[in-house]
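Data first, discussion second: the structure below is written as structure tokens.
Number of protein chains: 2
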Amino acid sequence: MPQLRQNLATKEWVIIATERAKRPEDFKAEKSEKKLPEFSPNCPFCPGNEVNTPGETLRITDKNGNWKIRIVPNKFPALDKEAKSFREQNHIFRTAGGYGYHEVLIETPKHNLTTALLPEEEIKNIITSYAGRYREIESDKKIHSAVIFKNHGAGAGTSLEHPHHQIVGMPVVPLQVRSRLEEAQRYYDDTGECVYCRMIEEELKAKERIILENRSFVVFTPFAAFSPFHTWILPKRHHASFRDISDTEIGDMAKALRIFLRKFYFGLNNPDFNYVIRSAPSDGRGLAYFHWYLSIVPRLTKTAGFELGSGMFINVSLPEENARFLRDYKLPAD
Amino acid sequence: MPQLRQNLATKEWVIIATERAKRPEDFKAEKSEKKLPEFSPNCPFCPGNEVNTPGETLRITDKNGNWKIRIVPNKFPALDKEAKSFREQNHIFRTAGGYGYHEVLIETPKHNLTTALLPEEEIKNIITSYAGRYREIESDKKIHSAVIFKNHGAGAGTSLEHPHHQIVGMPVVPLQVRSRLEEAQRYYDDTGECVYCRMIEEELKAKERIILENRSFVVFTPFAAFSPFHTWILPKRHHASFRDISDTEIGDMAKALRIFLRKFYFGLNNPDFNYVIRSAPSDGRGLAYFHWYLSIVPRLTKTAGFELGSGMFINVSLPEENARFLRDYKLPAD
């Protein structure tokens with residue numbers, strides 16, 4: 005019989021289709037191993053083509069002066085620094101200026117790599133870079149919230165193969181973020197504690213959904229995971245904003261993220277996924293009730309119709325089994 | 005420059021990408037006109053195969069006793085009447101029984117039709133059927149909310165070609181529904197009026213987003229439409245639940261829906277879409293602040309990555325232009 009589970013942090017209900025549940029192995033992607041070249045002459049993110057992506061906002065170079073990471077403006081920005089910043093309401097018609105940031109972090113000069121295949125040091129550089137840029141964008145008083153996300157694979161909405169992240173600074177707080185804040189605040193009002201801190205504690209005690217853990221981070225499949233292999237990476241230390249990640253945490257996050265992504269890459273044959281860093285709005289750094297985290301949403305199933313209609317997700321897998329699969333998966337030697 | 009718009013009913017912010025905006029004509033689907041047969045021997049919904057869909061809960065027949073519409077249980081139900089109805093919480097882990105209804109409304113015996121191509125009388129029968137079934141499902145005290153939705157085309161998540169709707173009765177109120185209720189309640193607290201009633205009034209006054217209108221319904225592109233040709237159909241009379249649709253309204257809804265779907269079908273070359281009837285929870289029939297409606301979400305663009313990451317939708321079209329396109333579109337003779 006199907007079971008419903010509610011994520012107490014987001015208040016989202018999920019149907020766990022226990023009877024139709026597939027085994028973790030069933031989700032292995034069947035990919036035609038299209039071999040990508042290390043350099044693609046028409047790729048705007050490949051070395052030598054920097055002229056196609058002007059206005060660089062950050063660069064990390066190696067000893068020889070070659071870039072390892074670049075952050076550049078998105079060529080087709082959803083929001084624009086040239087737009088006016090305003091709010092206006094005419095009867096019920098409410099508008100705001102499309103002021104904001106939309107940047108792209110190019111993870112590596114190599115066209116054919118993916119985050120999972122980068123050395124730990126380079127993943128650390130990536131996190132350092134987007135933390136730096138994130139802080140700068142959020143220090144713009146007209147920006148009310150910012151996100152960092154990655155779309156990996158065509159099924160996750162990427163149009164460019166070259167490994168990259170996106171950083172968006174918005175002049176408003178999106179409903180999705182506000183909804184999470186409100187739920188967390190209600191939990192705090194009820195109990196006097198951060199629901200995410202509580203979740204970490206309970207998940208570490210329950211053990212069965214933990215994928216891995218280190219000094220600063222815990223990686224687990226949420227109890228009410230809304231899709232197969234949906235994964236959360238939470239810092240153990242309570243802080244509401246990704247802005248306040250410490251250097252030690254950046255190192256530990258690189259370690260945790262790398263192991264997770266490698267298990268995911270090798271264990272499930274490089275599936276498409278989205279990931280996003282959910283953080284408090286710019287003015288909410290000090291919040292006692294919110295806790296930043298990274299959410300990974302693999303694109304392994306298609307449930308768009310039911311979900312859009314009913315407002316509920318169906319997960320055709322068991323979170324506990326998927327967590328065990330990744331926890332036990334033995335990585336090939338580095 | 006991009007513009008932000010907020011839907012005052014849902015509080016969802018949308019980026020209207022004015023500069024990248026496509027013209028309405030650009031959204032015409034390029035479909036390989038795969039001709040479907042009127043009868044498909046392996047289709048479980050085709051006449052003669054009724055044995056594959058047992059447990060019929062509703063049937064409408066013609067003068068000769070042949071069925072015109074059937075409602076049957078979904079063969080792979082997301083929720084099940086055999087499941088227990090319970091709520092349980094163990095620390096932060098909250099579960100509920102997967103009790104519920106998941107049924108399929110087969111719109112016509114003909115495999116190769118689509119709602120847009122049915123005569124008005126048959127669309128009226130469809131609405132009458134799902135209103136009847138909706139009322140029955142919601143009268144089950146264990147059901148807290150119910151939805152009716154349709155996925156049209158593979159891009160909208162359909163796996164079965166034969167035209168059908170789905171009806172789901174749930175033992176909880178999904179977050180999406182609860183969020184809409186809360187926003188509408190806040191608006192009511194502030195102003196003493198239903199935000200949807202107000203929207204109808206303002207849209208009829210502004211005219212530019214109206215697609216069509218009749219005695220009981222208004223069909224328009226919301227000011228903050230979150231995707232190209234996103235459309236709302238609202239009853240003019242205030243009532244919170246679809247359960248309370250009157251016979252006159254059923255007739256007028258069939259008229260409005262049919263014209264809209266035909267304009268959409270012929271004008272845009274039969275694009276994929278989802279539609280859903282959003283209604284108050286079972287116990288909210290009398291609510292002064294909520295208003296049921298039908299929302300149509302065409303699948304004309306792919307914005308999954310940005311949207312999932314940022315929590316904001318990007319609409320690469322102008323709601324006013326799309327509304328004008330459909331309003332002015334001349335339908336072929338019936």
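In order, the protein sequence lines correspond to chains A and B. Heads up, the first sequence is in the working numbering, so the first residue is 5 and it goes up one at a time. Heads up, the second sequence is in the working numbering, so the first residue is 5 and it goes up one at a time. Note that the Cβ used here is the ideal one computed from N, Cα and C, for glycine as well. Quick caveat: nothing in here was measured; it's all calculated off a predicted structure.
Can you check whether the CB of G315 (chain A) is closer than 8 Å to the CB of V108 (chain B)?
Reading the second sequence from its first residue, position 104 is the one you call residue 108 (chain B). Reading the first sequence from its first residue, position 311 is the one you call residue 315 (chain A). For V108 (chain B) and G315 (chain A), no; Cβs fall outside 8 Å.
Three-way DSSP call (helix, strand, coil) for S149 (chain B) in this model:
To locate residue 149 (chain B), count along the second sequence from 1; it is residue 145. If DSSP states are grouped into helix, strand and coil, S149 (chain B) belongs with the strands.
Select from A:R27, A:T14, A:A13 the residue whose C-alpha is nearest the C-alpha of P232 (chain A).
Working through the first sequence from its first residue, we reach residue 232 (chain A) at position 228. When each option's Cα is compared against that of P232 (chain A), the closest is A:R27.
Reduced DSSP secondary structure (H/G/I, E/B, other) of A228 (chain B):
In the second sequence, residue 228 (chain B) corresponds to position 224, counting from 1. A228 (chain B): coil per DSSP, three-state reduction.
Check each candidate in A:N274, A:R328, A:L312, A:G52 and name the one with the smallest Cα separation from K38 (chain A).
Here the question's residue 38 (chain A) lines up with position 34 in the first sequence. Comparing Cα positions, the closest option is A:N274.
Exposed unless 16 or more other CB atoms sit within 10 angstroms - verdict on P323 (chain A)
Counting from one through the first sequence, the residue named residue 323 (chain A) turns up at place 319. Around the CB of P323 (chain A), 16 or more other CB atoms lie within 10 Å, so the residue is classed as buried.
Between which two residues does the beta strand (DSSP E) holding T235 (chain B) run?
Position 231 of the second sequence holds residue 235 (chain B). From DSSP, the beta strand (DSSP E) with T235 (chain B) extends over 235 to 239.
So, using beta-carbon positions, are R262 (chain B) and L335 (chain B) closer together than 8 Å?
For this step, residue 262 (chain B) is matched to residue 258 along the second sequence. For this step, residue 335 (chain B) is matched to residue 331 along the second sequence. Contact flag unset, no.
What is the C-beta distance between P175 (chain A) and G104 (chain A), in whole angstroms, given that I count them as a contact (C-beta under 8 Å)?
Indexing the first sequence from 1 puts residue 175 (chain A) at position 171. Indexing the first sequence from 1 puts residue 104 (chain A) at position 100. A Cβ-Cβ separation of about 6 Å places P175 (chain A) in contact with G104 (chain A) under the 8 Å criterion.
Beta carbon of R282 (chain A) nearer than 8 Å to that of A160 (chain A)
One-based indexing of the first sequence puts residue 282 (chain A) at position 278. One-based indexing of the first sequence puts residue 160 (chain A) at position 156. In this structure, R282 (chain A) sits away from A160 (chain A), with a CB-CB distance that is not shorter than 8 Å.
Residues of chain A with a CB under 8 Å from the CB of T162 (chain B): which are they?
Position 158 of the second sequence, counted from the first residue, corresponds to residue 162 (chain B). Chain-ordered, the chain A residues with CB closer than 8 Å to the CB of T162 (chain B) read G309.
Of all the residues that make up the region 280 to 314 of chain A, which are near chain E by a beta-carbon distance shorter than 8 Å?
Note that chain E does not occur in the displayed structure, where the protein chains are A and B.
Report the rounded CA-to-CA distance for E125 (chain B) versus V223 (chain B), giving the unit in angstroms.
As a position in the second sequence, residue 125 (chain B) is number 121, starting the count at 1. As a position in the second sequence, residue 223 (chain B) is number 219, starting the count at 1. Using only the alpha carbons, I get a separation of about 20 Å.
Please look up how many angstroms separate the CB atoms of G313 (chain B) and V280 (chain A), rounded, as I've assumed it's under 8 Å.
As a working mapping, residue 313 (chain B) is identified with position 309 in the second sequence. As a working mapping, residue 280 (chain A) is identified with position 276 in the first sequence. The Cβ separation is near 4 Å, so the contact holds.
Ends of the alpha helix (DSSP H) at S183 (chain B)?
Locating residue 183 (chain B) in the second sequence gives position 179, counting from the first residue. Run containing S183 (chain B): 179 to 195, per the alpha helix (DSSP H) assignment.
Looking only at DSSP bridge pairs, what is S143 (chain A) linked to?
The residue you call residue 143 (chain A) lines up with position 139 of the first sequence. In the DSSP assignment, S143 (chain A) is bridged to no other residue.
Check whether the Cβ of N278 (chain B) lies closer than 8 Å to any Cβ atom in chain A.
Position 274 of the second sequence, counted from the first residue, corresponds to residue 278 (chain B). Taking 8 Å as the threshold, the shortest C-beta distance from N278 (chain B) to chain A falls below it.
Say whether chain A places a C-beta atom closer than 8 Å to the C-beta of A87 (chain B).
Here the question's residue 87 (chain B) lines up with position 83 in the second sequence. Yes - at least one Cβ of chain A is within 8 Å of the one on A87 (chain B).
Quick one, which residues of the region 13 to 27 of chain B are near chain A if we go by CB-CB under 9 Å, in chain order?
Listed by position, the residues of the region 13 to 27 of chain B near chain A (Cβ gap below 9 Å) are A13, T14, K15, E16, W17, I19, I20, A21, T22, E23, R24.
Does DSSP classify R63 (chain A) as helix, strand or coil?
Numbered from 1 along the first sequence, position 59 holds the residue referred to as residue 63 (chain A). Here R63 (chain A) sits in strand by DSSP.
Go to G271 (chain A), then tell me how far its beta strand (DSSP E) extends in each direction, as first and last residue.
In the first sequence, counting from the first residue as 1, residue 271 (chain A) sits at position 267. No beta strand (DSSP E) contains G271 (chain A), which is instead part of the alpha helix (DSSP H) from 251 to 271.
Once DSSP output is grouped into helix, strand and coil, what is the label at V320 (chain B)?
For the purposes of this step, residue 320 (chain B) is identified with residue 316 of the second sequence, where counting begins at 1. V320 (chain B) falls in the coil class under three-state DSSP.
In the structure shown, what three-state DSSP assignment does A160 (chain B) receive?
As a position in the second sequence, residue 160 (chain B) is number 156, starting the count at 1. The answer is helix: DSSP assigns A160 (chain B) an H, G or I state.
Hey, how far is the Cα of L62 (chain A) from the Cα of N56 (chain A)?
Mapped onto the first sequence, residue 62 (chain A) falls at position 58. Mapped onto the first sequence, residue 56 (chain A) falls at position 52. C-alpha separation (whole angstroms): 16 Å.
Given V320 (chain B), which residues of its chain have a CB within under 7 Å of its CB, disregarding the five upstream and five downstream residues?
Within the second sequence, numbered from 1, the residue matching residue 320 (chain B) stands at position 316. Cβ within range, chain order: A21, R24, A25, K26, P232, T305.
Closest to R74 (chain B) by C-alpha separation, out of B:F90, B:N94, B:L117, B:I130, would be which residue?
Within the second sequence, the letter at position 70 stands for residue 74 (chain B). Here the closest residue by C-alpha is B:I130.
In three-state terms, what does DSSP make of L298 (chain A)?
Counted from its first residue, the first sequence places residue 298 (chain A) at position 294. Here L298 (chain A) sits in strand by DSSP.
Compare the C-alpha of D248 (chain A) against each of A:R137, A:K114, A:H115, A:N94 and name the closest.
Within the first sequence, numbered from 1, the residue matching residue 248 (chain A) stands at position 244. Per the Cα distances, A:R137.
Boundaries (first-last residue) of the alpha helix (DSSP H) holding R289 (chain B)
The residue given as residue 289 (chain B) occupies position 285 in the second sequence. Careful: R289 (chain B) lies outside any alpha helix (DSSP H) and carries neither H nor E.
Take the Cβ of H95 (chain A) as the centre, count every other Cβ of all protein chains shown within 10 Å, and call the residue buried at 16 or more, exposed below.
Numbered from 1 along the first sequence, position 91 holds the residue referred to as residue 95 (chain A). Under this definition H95 (chain A) is an exposed residue.
Are D276 (chain B) and H106 (chain B) closer than 8 Å when you measure CB to CB?
Within the second sequence, the letter at position 272 stands for residue 276 (chain B). Within the second sequence, the letter at position 102 stands for residue 106 (chain B). At a Cβ-Cβ threshold of 8 Å, D276 (chain B) and H106 (chain B) do not count as neighbours.
Residue-chain proximity (F80 (chain B), chain A), Cβ-Cβ < 8 Å:
Sequence index remark: in the second sequence, residue 80 (chain B) carries index 76 (1-based). Taking a beta-carbon distance threshold of 8 Å, F80 (chain B) counts as an interface residue toward chain A.
Return no unless some Cβ of chain B is closer than 8 Å to the Cβ of Q189 (chain A).
Here residue 189 (chain A) corresponds to residue number 185 of the first sequence, with the count starting at 1. Not an interface residue.
Selected residue, minimal CA-CA separation from E42 (chain A), among A:N70, A:T162, A:K114, A:L238:
Sequence index remark: in the first sequence, residue 42 (chain A) carries index 38 (1-based). Looking at A:N70, A:T162, A:K114, A:L238, the one whose alpha-carbon comes closest to that of E42 (chain A) is A:K114.
Give me the residue from B:R202, B:V199, B:A292 with the minimum Cα distance to H243 (chain B).
The residue given as residue 243 (chain B) occupies position 239 in the second sequence. Closest in C-alpha terms to H243 (chain B), from the list B:R202, B:V199, B:A292, comes B:A292.
Cross-strand partners of M174 (chain B) (DSSP beta bridge):
In the second sequence, residue 174 (chain B) corresponds to position 170, counting from 1. Paired residue(s): B:S149.
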